[in-house]
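> My questions all concern the structure below.
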Amino acid sequence: MNIFRLAGDMTHLISVLVLLLKIYATKSCSGISLKTQELYAMVFLARYLDLFSDFISLYNTVMKLVFIGSSLAIVWCMRYHRVVRRSYDRELDTFRYWILVGACFTLALVLHEKFSFQEVFWAFSIYLEAVAILPQLVLLQRSGNVDNLTGQYVFFLGAYRAFYILNWIYRYLTEPRFTRWISCVSGLVQTALYADFFYYYFISWKNNAKLQLPA
Amino acid sequence: QEIKTQKDEL
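Going line by line, the protein sequences match chains A and B.
Going letter by letter, the first sequence gives residues 385 to 599 in our numbering.
Going letter by letter, the second sequence gives residues 53 to 62 in our numbering.
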């Protein structure tokens, strides 16, 4: 564990807490893409198949349970909670994400570290996470003004993978034979997808204005 | 046996 990875995990945890706070405090999920939340639930379920087979550390196990539990809870809340579900922007959140799921799974069948059930699903989860934010970014552009908590949620979600890139550079420099090409390339693509969001987020922060994404 | 690259990251 290094400071970059810890910062990345904490930033990821903060993004989940901000989202839970928004939904719990405002009893509303307006501006949140259910499709991105469902993609993230798939990412965690596919990635943490080794949850019960490989014990790495208490930290690792606890964090996996937190990410799986929170993503499923948010999906449940947005689908079935009688108050929250009313504020879901159903007509704006129309990204056909099964194309993404199919493409990532096909890619994982071709490109993986080892051709085993667990490794293929792990690679699938890495590729899927890289594009999971797309429905959310599309929804933000369509829904115009973005409330603060939603903006912060997306910001922290994007920042966490940037910390992971620093972590991979650090590990590449300090650990012999450390290579995680699948994670690195995917992580770069994932962070790049946030580039324009980060730009408009910074502008809104500098001008102390509401976050506005151009339609 | 090839060591399974341990997935120690989240």
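Cβ atoms here follow ideal geometry from the backbone N, Cα and C, with glycine treated the same way.
1. Assign A:Thr534 to buried or exposed, taking buried as 16 or more other Cβ atoms, counted over all protein chains shown, within 10 Å of its Cβ.
2. Please list the residues of the region 403-436 of chain A that have a C-beta atom closer than 7 Å to any C-beta atom in chain B, keeping them in chain order.
3. I'd like to know whether the C-beta of A:Asn386 is nearer than 8 Å to at least one C-beta of chain B.
4. Against A:Trp506, what residues of chain E qualify as contacts under a CB-to-CB distance less than 8 Å, listed in chain order?
5. By Cβ distance, which residues of its chain are closer than 6 Å to B:Gln53, with the 5 residues on each side in sequence left out?
6. Between A:Ser527 and A:Leu595, what straight-line distance do the alpha-carbon atoms span, to the nearest angstrom?
7. Identify the continuous alpha helix (DSSP H) that holds A:Ile458 and give its terminal residues.
8. Does DSSP put A:Val467 in a helix, in a strand, or in coil?
9. Residues of chain B with a CB under 9 Å from the CB of A:Arg466: which are they?
10. Cα-Cα, which of A:Leu521, A:Phe489 and A:Val446 is closest to A:Thr478?
11. Within a Cβ cutoff of 7 Å, which residues of the same chain sit near A:Ile387, ignoring the five residues on either side of it in sequence?
12. Taking all protein chains shown into account, do 16 or more other C-beta atoms lie within 10 angstroms of the C-beta of A:Ile553, making it buried, or fewer, making it exposed?
13. Report the partner residues of A:Val538 according to the DSSP bridge assignment.
14. Does any C-beta atom of chain A lie closer than 8 Å to the C-beta of B:Gln53?
15. Return the chain-ordered list of same chain residues with a C-beta closer than 8 Å to the C-beta of A:Met462, the five sequence neighbours on each side being excluded.
16. Assign A:Ser441 to one of two classes, buried (16 or more other C-beta atoms within 10 Å of its C-beta) or exposed (fewer than that).
17. Which of the three DSSP states is assigned to A:Gln520 in this structure?
18. Looking at the secondary structure, which residues open and close the alpha helix (DSSP H) in which A:Phe501 lies?
19. Helix, strand or coil: how does DSSP classify A:Asn532 here?
20. Can you confirm whether the region 395-409 of chain A touches the region 535-545 of chain A when touching is taken to mean that 3 or more C-beta pairs between the two stretches lie within less than 8 Å?
21. How about A:Asp473: is its C-beta nearer than 8 Å to some C-beta of chain B?
22. Classify A:Gln596 as helix, strand or coil using the three-state DSSP reduction.
By the coordinates alone:
1. buried
2. Asp434
3. no
4. As a matter of chain content, chain E is missing from the structure shown, whose protein chains are A and B.
5. Because the pLDDT at B:Gln53 is just 41, under 50, the model does not fix this residue reliably, and the point stays unresolved.
6. 11 Å
7. Leu442 to Tyr464
8. coil
9. Correct list: empty, because the minimum Cβ distance to chain B is about 33 Å.
10. A:Leu521
11. none
12. exposed
13. Looking at the DSSP assignment, A:Val538 forms no beta bridge with any residue, so it has no partner.
14. Reliability fails at B:Gln53, whose pLDDT of 41 lies under 50, so the model's placement of it is uncertain and the value that follows must be treated cautiously. Judged by the 8 Å Cβ criterion, B:Gln53 is not in contact with chain A.
15. Ile407, Cys413, Ile416, Leu418, Gln421, Val468, Arg469 and Tyr472
16. exposed
17. helix
18. Phe501 to Val515
19. helix
20. yes
21. no
22. strand
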